[in-house]
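Chains as they are written, first to last, in my numbering: chain A, -2 to 498; chain B, -2 to 498.
2 protein chains.
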Amino acid sequence: MEHKLKRLKNKLHEVNDLNMVSALLNWDQSTYMPPGGAAARGRQMATIGRLAHEKFTDPEIGKLLDDLRPFEESLPYDSDDASLIRVTRRSYEKSTKIPAKLVSEFSAHRAGAYQAWTKARPNNDFTAIRPNLEKTLDYSRQIADCFPGYDHIADPLIDFSDEGMKADSIRALFAELRQQLVPIVQTITAQEIADGSCLHQSYPTDQQLAFGSAIIKRYGYDFERGRQDMTHHPFMTKFSLGDVRITTRVKEDDLSEALFSTLHEAGHALYEQGINQKFEGTPLAGGASSGVHESQSRLWENLVGRSRGFWAHYYPQLQIAFPEQLSHVPLDTFYRAINRVSRSLIRTDADEVTYNLHVMIRFDLELQLLEGTLAVKDLPEAWHGRYQSDLGLRALDDRDGVLQDVHWFGGWIGGAFQGYTLGNIMSALFFDEALKAHPDIPVQIEQGKFDTLHTWLKENVYQHGSKFTANELIELVSGGPLTIEPYMRYLRTKFGALYSL
Amino acid sequence: MEHKLKRLKNKLHEVNDLNMVSALLNWDQSTYMPPGGAAARGRQMATIGRLAHEKFTDPEIGKLLDDLRPFEESLPYDSDDASLIRVTRRSYEKSTKIPAKLVSEFSAHRAGAYQAWTKARPNNDFTAIRPNLEKTLDYSRQIADCFPGYDHIADPLIDFSDEGMKADSIRALFAELRQQLVPIVQTITAQEIADGSCLHQSYPTDQQLAFGSAIIKRYGYDFERGRQDMTHHPFMTKFSLGDVRITTRVKEDDLSEALFSTLHEAGHALYEQGINQKFEGTPLAGGASSGVHESQSRLWENLVGRSRGFWAHYYPQLQIAFPEQLSHVPLDTFYRAINRVSRSLIRTDADEVTYNLHVMIRFDLELQLLEGTLAVKDLPEAWHGRYQSDLGLRALDDRDGVLQDVHWFGGWIGGAFQGYTLGNIMSALFFDEALKAHPDIPVQIEQGKFDTLHTWLKENVYQHGSKFTANELIELVSGGPLTIEPYMRYLRTKFGALYSL
């Protein structure tokens, strides 16, 4: 068995090397690659992607996983070896159960659909892309049907990014959240809107970057095992547990852009840098789910980085960095500006309070499409209807409506959105547990100290990598299932101090 | 046949993708990778290297090459398809004739020898590394013996970097060069040494980089298909013909460092950017040999970039960029400084006149070691003897003697050095032919115009990629074999104007 486990690990290391190389090809493409490199880079990414898939779906891996089952069952569930075999088997099944023909057909379709979307959106032409979207829906159902035995047709699709989560339970959780959020948004937006103008002055790029770097270094982001570069759409990526990089973009006329995207991506990176080094090169060396990953970016961006205590410490330093822009702006004005709540049509512009409404609209529509209770032709109107009922807004056209996000046009329908809101819900749950263990964390944050929080997160969340599913991890940390209570309490407390709720 | 050729090309594209990915892994390691990424990066490079080797040595490629032989023979020698098959076959034989066991044993040995060298050199301890070097010599002979039928045992090793070049003819060429160079060096170094102090003031990094970039842009280096980054040991690399990057290093107290290494690497890059785009992804998309590649770096660095005409145009601009440092320094003083000749012990510090003496010493010693006319134990003394006779200098120890260069300690013995001097010789030959075709090139250079020269080089050298060997290319361009005449004429003219010769 030792021999077979070693053989499995060797094969997984090779797959991992290829996956990490794919990540580097992508990072370079998004940061430094000159325009002339684009065509060949596309081919290189396709070649490496294909080799990684070939190597991972090698029937020998399936055979090894079968042979190792008795060994796995002889070990504790949470042992490293049992977890490696279990998590690898789940991925292996996901990678092998979809027929190669379906994978390649869908892949070709996606590329076409994406291209069509890049034209349809500026033209506000849903009709042009409707046949593509109908085909995408058909493929999405076919993919789900490769995993029979589901409770809801979206379950297998959700499982790809949020392992073990089910459509029905997420829907119930989201319904509860929506019920509580909609009136809060209504109450807040009926009040005077905060003045955000202090953020929109001229802020030189270098000082912005230096300020963000200094903060994430204090957070615990290790620049010896990472770095920060410029890009158009910020992301976190890793090439090994020792090389976890973040990217950012700077707007000289918007201080919040680089600052909060830096804190956000650093949150993702702290998670990856905190994974147990012994998982290096295996499927355990990653986050538990897209939701758990997002919980960490949101925790460091919002629960820490947009808190009053945090800025009680950092605002004087920010004023020193930008004296002309901020010396006359009181902390309270700045704090209100970075926590300004306003209803908007665009998900990516949304604030902490309204953001989840955007996400849940998309999640619900995805489920209805997959269930067949909503036809693609009726999607634009369904979108407008939900924006009207949840946010009290209606987009003028489909450009800012159903054509807004790339997700459905560059991938399948189902499982693409729930992670954002699950992440917000979990961020408060984890933060709450950290506070229970260390009630002095808020005081430390007011002193610009993050060690206790960071250490607690490493020990309770990060180190495990993807050993546990999100639900297992939440049970382990909180002793119960996922609940919106800590999140709603967080929102009510924070925004209750800013607005009459 | 069409089908088989297409199949061959597809397989070669895959190998090429992997090789380009290796180049990216290496570039990132040398430019941006944080220290924590090192361990995993080593494994990733090994994995990609192994896959590239496996894919290229696939017996199916051998079979396709055999099957395509009649097709190849039906085509003109210089046709694209015949050249692709011919050049691929040569590489395939090089890659398949060395037994896998020997490759892996030698690879392990090299890693150990390199590690030992990194300790032996600072300790000035040749004795410690002698057994490693003896083993390296043994491996080098074994590798050469995988290619029976050679005239000289070094021929197969030279062939890896300078295809078609033979030890005996290089030795004859070098003997002639040495005979002419040694007295010139003696004559020059007996005269007053030029004052180089103007180069050693404080030159801010950003202005240095901006100045170098502006020049290579004028040379014709296309920043839409390349870029420049910082590194420790400058190099050129490419990820496709549309993405040819250079790297440089800046010393604030030495203006010549970044400037001339930029011109040097840009020369390599101009070559790669000038290769016919239709060779993309095949073995034809590279330089003809290490010598021809070096000829282009040297041509743009020295024959153009250290010429009086060039600085007649650029020196006033350099003075504007660095007024405090250079406004009081006459052009003549600057020109003498960048062309200062002095005898030194270190190859990489050498000037245009003495550089080849360093290279030829190493080349001759390599041949003697391989022939068995020099024992490894006698190498340090042989080194000192040749430095005494050729340069009139003797190093105080082996640190600046036989332990100076990494080449023998990180690779095999044989074929590592000749390309540097072949490159210098060829640089003058190609430049000479360009001048014959366009006698106004020197006048254009005085005006900061390089189009005519660049276009001639693209048409006569660059576009061909590795379709022709160095000797074939020289024959094609000059109508005769490689000769030192143009090079010696260049050196005598240039340095005759600076010194009494």
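Every residue gets a Cβ at the ideal spot worked out from N, C-alpha and C, and that includes glycine.
Provide the residue span of the alpha helix (DSSP H) that contains residue i, from first to last.
{"i": "Ile471 of chain A", "result": "467 to 475"}
{"i": "Asp429 of chain A", "result": "415 to 434"}
{"i": "Lys98 of chain A", "result": "97 to 117"}
{"i": "Asp142 of chain A", "result": "123 to 142"}
{"i": "Arg83 of chain A", "result": "77 to 93"}
{"i": "Arg486 of chain B", "result": "482 to 495"}
{"i": "Trp453 of chain A", "result": "448 to 457"}
{"i": "Leu342 of chain A", "result": "Segment: none, Leu342 of chain A is in no alpha helix (DSSP H) and carries neither H nor E."}
Is there a Cβ of chain B sitting closer than 8 Å to that of residue i, yes or no?
{"i": "Val18 of chain A", "result": "yes"}
{"i": "Tyr29 of chain A", "result": "yes"}
{"i": "Leu206 of chain A", "result": "no"}
{"i": "Phe257 of chain A", "result": "no"}
{"i": "Arg222 of chain A", "result": "yes"}
{"i": "Leu21 of chain A", "result": "yes"}
{"i": "Leu354 of chain A", "result": "no"}
{"i": "Leu5 of chain A", "result": "no"}
{"i": "Leu48 of chain A", "result": "yes"}
{"i": "Ala36 of chain A", "result": "yes"}
Is it the case that the Cβ atoms of residue i and residue j are separated by a distance below 8 Å?
{"i": "Leu400 of chain A", "j": "Leu342 of chain A", "result": "no"}
{"i": "Gly239 of chain B", "j": "Ala36 of chain A", "result": "yes"}
{"i": "Asn299 of chain B", "j": "Glu349 of chain B", "result": "yes"}
{"i": "Gly209 of chain A", "j": "Leu267 of chain A", "result": "no"}
{"i": "Asp395 of chain B", "j": "Phe123 of chain B", "result": "yes"}
{"i": "Ile140 of chain B", "j": "Trp409 of chain B", "result": "yes"}
{"i": "Thr466 of chain A", "j": "Ala285 of chain A", "result": "yes"}
{"i": "Glu249 of chain B", "j": "Ser294 of chain B", "result": "no"}
{"i": "Ala49 of chain B", "j": "Asn16 of chain B", "result": "yes"}
{"i": "Pro280 of chain B", "j": "Leu9 of chain B", "result": "yes"}
{"i": "Pro32 of chain A", "j": "Glu221 of chain B", "result": "yes"}
Kindly indicate the opening and closing residues of the beta strand (DSSP E) around residue i.
{"i": "Ile243 of chain B", "result": "240 to 245"}
{"i": "Ala233 of chain A", "result": "Checking the displayed sequence, the identity of residue 233 of chain A turns out to be Met instead of Ala. Unbroken beta strand (DSSP E) run through Met233 of chain A: 233 to 237."}
Closer than 8 Å, CB to CB, is residue i near chain A or not?
{"i": "Ser237 of chain B", "result": "yes"}
{"i": "Gly161 of chain B", "result": "no"}
{"i": "Gln41 of chain B", "result": "yes"}
{"i": "Glu11 of chain B", "result": "yes"}
{"i": "Pro32 of chain B", "result": "yes"}
{"i": "Ile45 of chain B", "result": "yes"}
{"i": "Glu277 of chain B", "result": "yes"}
{"i": "Ala467 of chain B", "result": "no"}
{"i": "Asp55 of chain B", "result": "no"}
{"i": "Ala266 of chain B", "result": "no"}
{"i": "Asp240 of chain B", "result": "yes"}
{"i": "Asp14 of chain B", "result": "yes"}
{"i": "Asp25 of chain B", "result": "yes"}
Which partner residues of residue i appear in the DSSP bridge assignment?
{"i": "Asp226 of chain B", "result": "B:Thr244"}
{"i": "Ile251 of chain B", "result": "Note that residue 251 of chain B corresponds to Asp in the displayed sequence, not to Ile. Bridge partners of Asp251 of chain B: B:Lys248."}
Buried or exposed for residue i, going by 16 or more other Cβ atoms inside 10 Å?
{"i": "Asp375 of chain B", "result": "exposed"}
{"i": "Phe319 of chain B", "result": "buried"}
{"i": "Arg66 of chain A", "result": "exposed"}
{"i": "Asn421 of chain A", "result": "buried"}
{"i": "Lys464 of chain B", "result": "buried"}
{"i": "Asn353 of chain A", "result": "buried"}
{"i": "Pro201 of chain B", "result": "exposed"}
{"i": "Thr345 of chain A", "result": "exposed"}
{"i": "Gln444 of chain A", "result": "exposed"}
{"i": "Leu154 of chain A", "result": "buried"}
{"i": "Ile181 of chain A", "result": "buried"}
{"i": "Ala117 of chain B", "result": "buried"}
{"i": "Met357 of chain B", "result": "buried"}
{"i": "Ile438 of chain A", "result": "buried"}
{"i": "Val440 of chain A", "result": "exposed"}
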